[in-house]
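Letter by letter, the sequence shown follows residues 1056 to 1115 in our numbering. Backbone N, C-alpha and C fix where the C-beta goes; we use that ideal spot for every residue, glycine too. Input: a single structure, listed below in structure tokens.
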Amino acid sequence: MSAPDIRAMEDMLDHLRAKKAFAEAQLQASEAKDPDLELDLRRIEGRIEILEEMLREAGH
């Protein structure tokens, strides 16, 4: 994998981690359960796991 590809994946990982933190803060601030937000959070976590695995396989 090329260095620009790896850098792009690292940037996406940073972006997803920020989205996850924001979604978690929204869930904590919400008085009622928000199934859509919980689903979004699970999707974000799944994408983070995939990117982390891809970066591990690329040796980073």
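Residue i (DSSP reduced to helix, strand or coil)
i     : result
K1088 : coil
M1067 : helix
A1113 : coil
Sub-7 Å separation of residue i and residue j beta-carbons
i     : j     : result
I1099 : K1075 : yes
Check: residue i C-beta below 6 Å from any heavy atom of the ligand ATP
i     : result
L1096 : The ligand content of the structure shown is nil, which means the ligand ATP is not present either.
Assumed close pair residue i, residue j - CB separation to whole angstroms, cut-off 8 Å
i     : j     : result
I1103 : L1071 : 5 Å
E1107 : L1068 : 7 Å
Count Cβ pairs between the segment 1061-1071 and the segment 1085-1094 that sit closer than 8 Å; are there 3 or more? Touching, no, given that fewer than three Cβ pairs across the two stretches are closer than 8 Å.
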